[in-house]
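Structure first, commentary second.
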Amino acid sequence: MRQSDHEVPTRLERAAGDLIGLAADPPEDFALRVLRRVGIQREQYDTYVRLETPAGGLFVAAGPDAVTGAALDSAGLTATAFEERHRVRTHRSAIPATKPFPGVVTALRTGRARRLPIDLSGLTTAERAVLEAVRTIPPGQLRPVGWIAREAEVPATAVVGALARNPVAVLIPSHRVTHDGGAPCDADLVPGAGDALRAAEGVDLDREVELRRGGVVFLGSDTTRIYCHPTCAHARRIVPRHQVPFRTAREAGRAGYRACKSCRPVTV
Numbered sequence: 001m002r003q004s005d006h007e008v009p010t011r012l013e014r015a016a017g018d019l020i021g022l023a024a025d026p027p028e029d030f031a032l033r034v035l036r037r038v039g040i041q042r043e044q045y046d047t048y049v050r051l052e053t054p055a056g057g058l059f060v061a062a063g064p065d066a067v068t069g070a071a072l073d074s075a076g077l078t079a080t081a082f083e084e085r086h087r088v089r090t091h092r093s094a095i096p097a098t099k100p101f102p103g104v105v106t107a108l109r110t111g112r113a114r115r116l117p118i119d120l121s122g123l124t125t126a127e128r129a130v131l132e133a134v135r136t137i138p139p140g141q142l143r144p145v146g147w148i149a150r151e152a153e154v155p156a157t158a159v160v161g162a163l164a165r166n167p168v169a170v171l172i173p174s175h176r177v178t179h180d181g182g183a184p185c186d187a188d189l190v191p192g193a194g195d196a197l198r199a200a201e202g203v204d205l206d207r208e209v210e211l212r213r214g215g216v217v218f219l220g221s222d223t224t225r226i227y228c229h230p231t232c233a234h235a236r237r238i239v240p241r242h243q244v245p246f247r248t249a250r251e252a253g254r255a256g257y258r259a260c261k262s263c264r265p266v267t268v
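Read in order, the letters of the sequence shown are residues 1 to 268 in the UniProt record's numbering.
The structure is reproduced here in structure tokens:
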């Protein structure tokens, strides 16, 4: 690590000490102004903002070219604790800012962050593959662990561990992953956060679990002869009288149904 990287938190700590006793709080971007004033290059630190989500406040950090971390404050995470955790994980200081990284607000509003630049360089190849697969799940839809394993080309046993290390909560939507029995995975989220995020996206998790309990893994349409995951946009448009339940992809294939090209269920 470059010497200047070590100097960033030290200079900030000195500046913070000088602020003690001021009659008024400093501007929100005061630390950022200090760094610019003393000539610290932008590439040597990250900035972060706090944005609102259905699950509470979300701290989002970013470097010049990509988002580098995100964490919900629903478990009592403070800005100071987020900064420290970010420094430990990335070896970079996170400085409060007023403007989020371009595209973050839109990604949170639409639930679509697939094209948002996200730096996952601190993870293993398998972990990155899992999280990139999760990023492809559209808002309002769910995918089981087995689907993630297939898309990422990793063993199913590696999926939950990779999700637990998700460094970019919400923007990499682990709340859209379920165990193969239909129960939510939520490996990187505090209790209740996943439920709030799914509810905001209109996901009927109770129906998904009920279908699974009844042995229904896929839903087919007797008009299009295509089968999908139950939360797929195509499956939700099938009127009840035209729905055909299937326990396995093999069963659907033997009945003459084709796999949906959108949700890509496990094929025969």
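Using N, Cα and C, we set each Cβ at its ideal position, and we do this for glycine too.
Inclusion of residue 181 and residue 212 in the CB contact set at 8 angstroms is warranted, their separation being smaller than that value.
For residue 195, the CB contacts under 8 angstroms within the same chain, skipping 5 residues up- and downstream, are 184, 205 in chain order. By the criterion of a C-beta distance shorter than 7 angstroms, residue 129 is surrounded in its chain by 152, 153, 154, once the five residues flanking it on both sides are discounted.
The shortest C-alpha to C-alpha distance from residue 102 to any of 221, 67, 176 is the one to 67. Taking the CA atoms as reference points, residue 256 sits about 7 angstroms from residue 225. Less than 8 angstroms divides the Cβ of residue 229 from the Cβ of residue 265. Inter-segment contact for the region 213–224 and the region 248–255 is present: three or more beta-carbon pairs are separated by less than 8 angstroms. Inter-residue distance for residue 97 and residue 48 is about 6 angstroms (C-alpha atoms, whole angstroms). Within the same chain, 50, 73 come within 6 angstroms of residue 57 by CB-CB distance, once the 5 residues on both sides are set aside. Residue 226 is bridged by DSSP to 258. Within the region 136–223, complete alpha helix (DSSP H) segments of at least 4 residues are found at 145–152, 159–164, 193–200, 205–213, given in chain order. For residue 235, the three-state secondary structure derived from DSSP is helix. Taking a 10 Å sphere around the C-beta of residue 76, we find fewer than 16 other C-beta atoms and assign the residue as exposed. With contacts defined as CB atoms closer than 8 angstroms, residue 61 and residue 169 fail to qualify as a contacting pair. Annotated three-state conformation of residue 253 is helix, per DSSP. Burial of residue 175 is indicated by the presence of at least 16 other C-beta atoms within 10 angstroms of its C-beta. The beta-bridge partner set that DSSP reports for residue 73 is empty. Counting C-beta atoms within 10 angstroms of its own C-beta, residue 242 has fewer than 16 neighbours from the protein chains shown and is therefore classed as exposed.
For residue 160, the closest alpha carbon among the candidates 46, 109, 115, 134 is that of 134. For residue 108, the uninterrupted alpha helix (DSSP H) run begins and ends at 104–110, by DSSP. Remark: C-beta atoms of residue 85 and residue 93 do not approach each other more closely than 8 angstroms. Under a 10 Å Cβ-count criterion, residue 65 is classified as exposed, with fewer than 16 other Cβ atoms of the shown protein chains found around its own Cβ. The beta carbon of residue 187 sits closer than 6 angstroms to those of 160, 163, 164, all from its chain and outside the five residues before and after it, given in chain order. Leaving aside the five residues that flank residue 262 on each side, the residues in its chain whose CB is nearer than 8 angstroms to its CB run, in chain order, 228, 232, 233, 234.
Going by DSSP, residue 79 is part of the alpha helix (DSSP H) stretching over 79–90. With a 10 Å radius around the Cβ and a threshold of 16 neighbouring Cβ atoms, residue 222 comes out exposed.
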